[in-house]
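J.: Got a structure here, written out as structure tokens. Questions coming.
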Amino acid sequence: MFIAKAITATLLAGSFGLTSPPSGDTAAYEKQTQLEAKRVACMTERGVDYVASPEPRYEWQPGEQERLAGGLEALRAYRAKYGFGVWSPNVYPKDKVVNPVQHENPNNTMLMSLSAGQLKKWRAADESCFSQAVKEVLGKTVTSQEDYYDQLEAAVEKSLSVLDQDKQLVQLGKQFAACLGVSRTEPTALDGLSHTKIVRQASDVAKKAWKGELPKAPKGKAVIFRPNLKPAQARPYLDKEIKAALKDLECGKDFYPAYSPKAMEITSRVYQEFGREGAAQAIPSRIYRKLA
Numbered sequence: 003m004f005i006a007k008a009i010t011a012t013l014l015a016g017s018f019g020l021t022s023p024p025s026g027d028t029a030a031y032e033k034q035t036q037l038e039a040k041r042v043a044c045m046t047e048r049g050v051d052y053v054a055s056p057e058p059r060y061e062w063q064p065g066e067q068e069r070l071a072g073g074l075e076a077l078r079a080y081r082a083k084y085g086f087g088v089w090s091p092n093v094y095p096k097d098k099v100v101n102p103v104q105h106e107n108p109n110n111t112m113l114m115s116l117s118a119g120q121l122k123k124w125r126a127a128d129e130s131c132f133s134q135a136v137k138e139v140l141g142k143t144v145t146s147q148e149d150y151y152d153q154l155e156a157a158v159e160k161s162l163s164v165l166d167q168d169k170q171l172v173q174l175g176k177q178f179a180a181c182l183g184v185s186r187t188e189p190t191a192l193d194g195l196s197h198t199k200i201v202r203q204a205s206d207v208a209k210k211a212w213k214g215e216l217p218k219a220p221k222g223k224a225v226i227f228r229p230n231l232k233p234a235q236a237r238p239y240l241d242k243e244i245k246a247a248l249k250d251l252e253c254g255k256d257f258y259p260a261y262s263p264k265a266m267e268i269t270s271r272v273y274q275e276f277g278r279e280g281a282a283q284a285i286p287s288r289i290y291r292k293l294a
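Taking the working numbering, the leading residue of the sequence shown gets 3, the next gets one more, and so forth.
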């Protein structure tokens, strides 16, 4: 069985609050709570049911903060076992590091009981109420939840572009690119470049086994196929991924400690502006945006 996922901003970021909160994110989490309260009130006024569903506060895995901040020891330990985290969910299905427990939306059961017409009405109300809540709490104008996430990721990308003008990072990027044997030297392009290659390879493996008509991607998005292989089947792919991840780290041993802290600080600031905690999900989301 293979899973195809349309990589939209909503899918990448999930429901409100899926990102990892560094310290000082209490205000952002409170905004999420306010947004959910506004959505409940708005939906009630429209005569449709809605249960507030903020994500629980994120629990950092050992070494995760250090890894996301460019700590070489933490990065090496993670990559030696999980690679970039692409094939490892298949190899370690019960490992919460790569298969975290997913938050179940309390509205799901109710939604499954609705008729097609009722569901259409509910979704229309939800989009409208979400947009209204974002305007009231964050002061931002969005047309839908997807538009909100698109704006968030675009703001992150735009804010990160300043790093491509950082003289130290530009020089380190050239060294990193030369070691990898790639032509792109911009710091923001190099961040996640090797990871993206593995994602593409995994998607190709899954696409070949897809039965029936291939799903169509929304405009401006990519469809990433995720193979649901058994551990023994996925192990050879992970072994190759680990080698690629460790080579990437060796080439970027000077780049990551300099780049990652700055990227995380910028991304976290933008996320908080949008009423979201932290920036841990920004790394994979940027990777998938590059695939679009």
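Note that beta-carbon positions come from the ideal geometry of N, C-alpha and C, so glycine has one too.
According to DSSP, is Phe132 part of a helix, a strand, or is it coil?
T.: Residue state, collapsed to three classes: helix.
J.: Pick from Lys40, Ser270, Phe276, Cys253: whose alpha carbon is nearest that of Ser130?
T.: Among Lys40, Ser270, Phe276, Cys253, the Cα nearest to that of Ser130 belongs to Lys40.
J.: In angstroms with no decimal places, state the Cα-to-Cα distance between Ile200 and Val103.
T.: Answer to the nearest angstrom: the Cα atoms are 24 Å apart.
J.: Assuming Phe257 is part of the alpha helix (DSSP H), what are its boundary residues?
T.: Run containing Phe257: 257-275, per the alpha helix (DSSP H) assignment.
J.: By the 10 Å Cβ neighbour count, where 16 or more other Cβ atoms means buried, how is Lys98 classified, buried or exposed?
T.: Flag for Lys98 reads exposed.
J.: Can you check which of these residues, Ala179, Gln120, Thr269, is closest to Arg48 by C-alpha distance?
T.: The option with the nearest alpha carbon to Arg48 is Gln120.
J.: Would you be able to state if there are at least three C-beta pairs under 8 Å between the region 64-72 and the region 250-262?
T.: With the cut-off at 8 Å, the region 250-262 and the region 64-72 touch.
J.: Is it true that the region 268-275 meets the region 187-206, where meeting means three or more beta-carbon pairs spaced less than 8 Å apart?
T.: Counting Cβ pairs under 8 Å, fewer than three are found: no touch.
J.: Between which two residues does the beta strand (DSSP E) carrying Val225 extend?
T.: Start and end: 224-229.
J.: Between Asn230 and Ala236, what straight-line distance do the alpha-carbon atoms span, to the nearest angstrom?
T.: Each residue's alpha carbon lies about 9 Å from the other.
J.: Please classify Ile5 as buried or exposed, where buried requires at least 16 neighbouring CB atoms within 10 angstroms.
T.: A caution first: Ile5 carries a pLDDT of 45, below 50, which makes its placement in the model unreliable, though a value can still be read off. Exposed is the call here.
J.: Since Met114 and Asp51 should fall inside the 8 Å C-beta cutoff, what is the C-beta to C-beta distance between them, to a whole number of angstroms?
T.: Not confirmed; about 13 Å, so no contact.
J.: Count Cβ pairs between the region 242-251 and the region 78-85 that sit closer than 8 Å; are there 3 or more?
T.: They touch, by the three-pair rule.
J.: Assign Asn92 to buried or exposed, taking buried as 16 or more other Cβ atoms, counted over all protein chains shown, within 10 Å of its Cβ.
T.: By the neighbour-count rule (16 or more Cβ atoms within 10 Å), Asn92 is buried.
J.: Per DSSP, what kind of secondary structure is Lys199 in: helix, strand or coil?
T.: Note: Lys199 maps to helix in three-state DSSP.
J.: State the CB to CB distance for the pair Ile268 and Ser161, rounded to an integer number of angstroms; the pair is presumed to be in contact (CB under 8 Å).
T.: That pair is a contact at about 5 Å.
J.: Enumerate in chain order the residues of its own chain whose CB-to-CB distance from Phe178 is below 6 Å, with the five nearest sequence positions on each side excluded.
T.: Answer for Phe178: Leu192, Cys253, Gly254, Phe257, listed in chain order.
J.: Name the two residues that bound the continuous alpha helix (DSSP H) containing Val172.
T.: Unbroken alpha helix (DSSP H) run through Val172: 169-182.
J.: Please classify Lys33 as buried or exposed, where buried requires at least 16 other C-beta atoms within 10 Å of its C-beta.
T.: Buried: at least 16 other Cβ atoms inside 10 Å.
J.: May I ask which residues mark the beginning and end of the alpha helix (DSSP H) holding Thr187?
T.: Thr187 -> no alpha helix (DSSP H), and no H or E assigned at all.
J.: Quick one: residues in its chain with C-beta nearer than 8 Å to the C-beta of Gln134, no 5 flanking neighbours on either side, listed in chain order?
T.: So the qualifying residues of the chain are Lys40, Cys44.
J.: I need the boundaries of the alpha helix (DSSP H) containing Arg69, first residue and last residue.
T.: From DSSP, the alpha helix (DSSP H) with Arg69 extends over 66-70.
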